[in-house]
Amino acid sequence: MAARPLGDPVVRRCTALAVTWLAGYVLLILLTRDAPAANLFVGDILYVVPIVASVVVAVIAVRRLTGRHRVFWLLLAVAYTAQLVGECIWAGYDYLSENGPPEPSVADLGYTVASVTTLCAVLVGFGGASGLRQLRGLADTAIIVLGVGAAAWHLLVQPQVPASLSPGDLVSLTYPVLDTALLCCLLIIGLGGHSGVPVSVRLIGLAGAVNAVSDMSYTFMSITTGYESGGLIDAGFEAASVCSFIAAVVAVRVPEPPAAPRTFDRGLTLTPVLLSSVVVFTLLATQKARTGDVDTTTLAISGVLFLAVLLRQYLFTTDRAALAEQLRAAVAEQHRLAVTDSLTGLHNRRFVNERLADRDTVRPDPAGVLVIDLDHFKRINDTYGHLTGDIVLRAAAARISAVSRAGDLVARWGGEEFVVLLPRTGDADAADIAERIRQEIARTPVDLTGATLTITASIGVATGPHADGDLLVDRADQALYDAKRAGRNRVVVWGATPPLPPATDVQRVGDTSGRSRR
1 MAARPLGDPV VRRCTALAVT WLAGYVLLIL LTRDAPAANL FVGDILYVVP IVASVVVAVI
61 AVRRLTGRHR VFWLLLAVAY TAQLVGECIW AGYDYLSENG PPEPSVADLG YTVASVTTLC
121 AVLVGFGGAS GLRQLRGLAD TAIIVLGVGA AAWHLLVQPQ VPASLSPGDL VSLTYPVLDT
181 ALLCCLLIIG LGGHSGVPVS VRLIGLAGAV NAVSDMSYTF MSITTGYESG GLIDAGFEAA
241 SVCSFIAAVV AVRVPEPPAA PRTFDRGLTL TPVLLSSVVV FTLLATQKAR TGDVDTTTLA
301 ISGVLFLAVL LRQYLFTTDR AALAEQLRAA VAEQHRLAVT DSLTGLHNRR FVNERLADRD
361 TVRPDPAGVL VIDLDHFKRI NDTYGHLTGD IVLRAAAARI SAVSRAGDLV ARWGGEEFVV
421 LLPRTGDADA ADIAERIRQE IARTPVDLTG ATLTITASIG VATGPHADGD LLVDRADQAL
481 YDAKRAGRNR VVVWGATPPL PPATDVQRVG DTSGRSRR
């Protein structure tokens, strides 16, 4: 579990310093309202202090972090640097030009680069999600930004602004749009589609929210009454820079894992669809009531929203279909692992029991069962070690599989025992397959590091109706016991076994107590 950010003393001190700076900055703005020179110094020079600090700490984060965290903060370092360049150009216009910065100015290029790069950083930071989910998040973002922007413009902003907008006004309008896009990406792609989002990323989102409100106020003032540095709007921008600085400090000081994509993301499934529907209806109804007609721009916005909704629904359906396929594959893989022996790659005893219990596979035709046991396997483990024993088991499994037919089921029964189910096989064929397996196992020594080891196997065979699978396994097991008692490295067929020599230290065929196959 990641440490709490405020548990780090450096984070605590930097946070306290940043909050104190912000409070002092607001106080200076209020105190210098009637002193233009001092107010300009506060609005242009002191204003860039937290931005400079953010650049420095972001560069430190890039040097210390790895993976997506590093790319994320590399882009943010570029964004902060572009913002700093823009602010310096703005301050230069304020100090060197009597009329202040032109609209638009070169500073706007720095601000725009900063906003776009921050948006790219968020997309990179949440890069663990699938491409379909990323595209759907972008489609949702576009729907929300376009819908909210169109509604706000037509209902709130347009009635209060001049009939024609200057190029500077149009540039100013891009800032709240980019801020809104950033917030939507954070909410839809980030917080909605990921779990364990780092605190530093959440602070970047908070900075974006504060910046969005400040940009909206700045844009409205630029279009209506005009904007001048050193006002209370600058306090909002300063608060956003302070949040960015704290986020960088947290990223450097507090180790946090990357945001992990959710299997089922909490995407805003209905919100974009409902929002676009409400926006289109509101725009059409309002304009019809005001002018009695609907202009081309409103129709174009409605068409784009409709197409965007169709695209996001297609992406949503495709994403869910891909997720269902992944879950199906995961369930199939879990079942495969549950019925597969990890050492040899063969099926395991559970799979054999499932097959024998599956009534759908029962047929009236005869079937055969081989139970195979490696001779003196305990001696191999005791002499050469369990790693060598594993090599022997894998070699035996490969040799049994190589001789068995395509339709036969080969499984590891447990320990050094293997089972082969032979469908549609009578006594003679079952005994022939068993003998070929015995010879294959004994034919070639197992290669070890610097040595070879010859292995042999004893095999019990039983045949009968397919429906008597459990009984056939038990009979083959008894025949195997006879093969062990008769001297090992041989095949014994149940019911056709010749009488064995009398012995006092073993049990008779059919009595399963007191067995020892070692």
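Taken in order, the sequence shown gives residues 1 to 518; the numbers are from full-length UniProt numbering.
Even glycine gets a Cβ: it sits at the ideal position worked out from N, Cα and C.
Alpha helix (DSSP H) containing ARG336: first to last residue? 296 to 338
Could you check what DSSP says for ASP447 in three-state terms: helix, strand or coil? strand
Could you tell me which of ILE204, CYS120, ALA114, VAL249 sits nearest to LEU17, measuring between CA atoms? VAL249
Beta-carbon proximity list for GLY7, same chain, < 6 angstroms, skipping 5 on both sides: none
Would ASP234 and ASP179 be called neighbours here (beta carbons separated by less than 7 angstroms)? no
CA-to-CA distance, PRO257 to ARG12, given in whole angstroms: 21 angstroms
Whose C-alpha, out of ILE372, VAL392, VAL369, is nearest the C-alpha of ARG379? VAL392
Quick one: residues in its chain with C-beta nearer than 8 angstroms to the C-beta of THR117, no 5 flanking neighbours on either side, listed in chain order? LEU75, LEU76, VAL78, ALA79, ALA82
Is the segment 440 to 456 touching the segment 331 to 338, taking contact as three or more C-beta pairs under 8 angstroms? no
How many angstroms separate the CA atom of THR318 from the CA atom of ILE60? 41 angstroms
Compare the beta carbon distance of LEU356 and GLY469 with 7 angstroms and say whether it is the shorter of the two. yes
Reduced DSSP category for SER217 - H, G, I as helix; E, B as strand; rest coil: helix
In the structure shown, what three-state DSSP assignment does ASP373 receive? strand
Determine contact between the segment 293 to 305 and the segment 269 to 285, defined as no fewer than three beta-carbon pairs at a distance below 8 angstroms. yes
Can you give the Cα-Cα distance for ALA207 and THR291, rounded to whole angstroms? 40 angstroms
Considering only residues of the same chain and omitting the five flanking positions on each side of ARG412, which have a CB-CB separation below 7 angstroms? ASP341, THR344, LEU346, ASN348, ALA397, PHE418
Per the contact definition of three or more C-beta pairs closer than 8 angstroms, is the segment 103 to 114 in contact with the segment 48 to 58? no
Between ALA367 and PRO445, is the Cβ-Cβ spacing less than 7 angstroms? no
Using 8 angstroms as the cut-off, can you tell me whether the segment 457 to 469 makes contact with the segment 479 to 486, which would need three or more C-beta pairs spanning the two stretches below that distance? yes
Where does TRP494 fall in DSSP's three states? coil
Does the Cβ-Cβ distance between LEU315 and LEU119 come in under 7 angstroms? no
Cβ of ASP474 within 7 angstroms of Cβ of VAL371? no
Can you give me the C-alpha to C-alpha distance between ASN211 and PRO5, rounded to a whole angstrom? 23 angstroms
Alpha-carbon spacing of VAL509 relative to GLY385, whole angstroms: Residue confidence is low: VAL509 scores 39 on pLDDT, short of 50, so the model does not pin down where it sits. No coordinate-derived value is stated.
Considering only DSSP beta bridges, list what SER97 is partnered with. Per DSSP, none; premise fails for SER97.
Helix, strand or coil at ALA476 according to DSSP, with G and I counted as helix: helix
Expressed to the nearest angstrom, what Euclidean distance is found between the alpha-carbon atoms of THR15 and LEU46? 18 angstroms
What residue does the alpha helix (DSSP H) around PRO257 start on, and which one ends it? No alpha helix (DSSP H) contains PRO257, which DSSP labels as neither H nor E.
Between which two residues does the beta strand (DSSP E) harbouring GLY414 extend? 409 to 414
Drop a sphere of 10 angstroms on the beta-carbon of ARG312, count the other beta-carbons inside from all chains shown, and report buried for 16 or more, exposed for fewer. buried
Which of the three DSSP states is assigned to THR452 in this structure? strand
With a Cβ-Cβ cutoff of 7 angstroms, do PHE237 and ALA53 count as a contact? no
Look up PRO366 in the DSSP assignment and say whether it is helix, strand or coil. strand
Measuring CA to CA, which of VAL242, SER241, LEU307, PRO255 is closest to VAL273? LEU307
To the nearest angstrom, report how far apart VAL420 and ASP447 are at their CA atoms. 25 angstroms
Pick out whichever of ALA239, ARG350, ALA467 has its Cα sitting closest to the Cα of ALA23. ALA239
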